[in-house]
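Residue numbers (our numbering): 594 to 867. Glycine residues also receive a C-beta, built at the ideal position from the N, C-alpha and C atoms. Worksheet: the structure to be examined is printed underneath.
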Ligand code: DGL
């Protein structure tokens with residue numbers, strides 16, 4: 594594997610919504626994406642288990658000469674970002690719950706947050722909401738089952754629509770005018786949610802802000818790739834790559850071929866363009 598890549602990982606395919614924004618903003622960076630699909634979902638797992646999985650992934654990413662790592666998973670950020678920053682010398686960027694933006698923009702004083710149990714239980718969510726949304730009515734909702742629908746390539750089905758209705762309609766009835774997507778899998782449902790809420794409610798995906806933060810951190814550490822080469826992408830998975838291939842095709846319009854790669858001393862399934 595080539596040196597100086599940006600490593601991006603998630604419990605599965607959700608982090609691709611963050612990868613997409615990083616790719617858009619930094620077209621000449623090489624990116625290594627890791628989907629821990631074998632261990633997905635992270636949401637219901639104890640934080641210690643998630644932190645251990647995150648350290649194993651980062652060990653592999655460092656062995657693959659990643660210059661920084663983006664934790665493209667709110668749940669893993671909540672469980673592991675402090676441990677990662679204490680244990681490794683490379684820079685990390687994690688997911689920030691976009692509650693600040695929602696709190697600043699709300700006119701009704703009511704916002705909704707859709708995330709996993711692990712994210713709501715974490716210190717980061719509690720601190721951010723206390724800091725920015727102390728005077729705001731925040732309606733929280735665990736998106737049980739949504740991650741699994743993305744992983745199974747069933748996010749555009751009737752089943753997905755009913756589940757989203759169950760989570761989103763009570764928020765609209767409550768009067769929220771901002772809905773924060775607090776899990777990187779959920780932006781795949783953004784078009785459906787926007788159709789449900791119409792133009793009364795803003796649906797916030799934090800991925801573009803996270804990509805801007807990645808760029809800032811690269812510059813601060815003088816790690817950006819300054820040559821004009823076209824950035825490459827390698828997508829590695831601890832599970833099957835079938836759903837990832839379909840999802841990538843629908844996101845980029847490109848075709849991806851499967852191979853086996855060595856990643857941190859072990860063989861994994863991988864996809865790259867071609
Ligand atoms: N994409 C992860 C997140 O942002 C999903 C968590 C899960 O696997 O449950 O939280």
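Sorting 626, 793, 716 and 627 by C-alpha distance to the C-alpha of residue 670 places 716 at the top. Going by DSSP, residue 599 is part of the beta strand (DSSP E) stretching over 598-603.
Secondary structure of residue 688 (DSSP, three-state): coil. According to the DSSP assignment, residue 860 belongs to the beta strand (DSSP E) that extends over 859-866. Annotation: the continuous alpha helix (DSSP H) that includes residue 755 extends over 751-767.
In this structure, residue 773 and residue 695 form a Cβ contact; the two beta carbons are roughly 5 Å apart against a cut-off of 8 Å. Between the alpha carbons of residue 622 and residue 661 lies a distance of about 12 Å. Every alpha helix (DSSP H) stretch that sits fully inside the segment 628-700 and reaches 4 residues is listed by chain position as 640-656, 667-680 and 692-698.
Residue 713 places its beta carbon 8 Å or farther from that of residue 748.
Considering only 686, 865, 857 and 790, the residue with the shortest C-alpha distance to residue 824 is 865.
Note on residue 642: under 16 other CB atoms within 10 angstroms of its CB, so exposed under the neighbour-count rule. Straight-line measurement puts the Cα of residue 847 at about 24 Å from the Cα of residue 663. Between the segment 722-735 and the segment 683-702 there are three or more inter-stretch CB-CB distances shorter than 8 Å, so the stretches are counted as touching. Counting along the chain, residue 855 sits inside the beta strand (DSSP E) bounded by residues 849-856.
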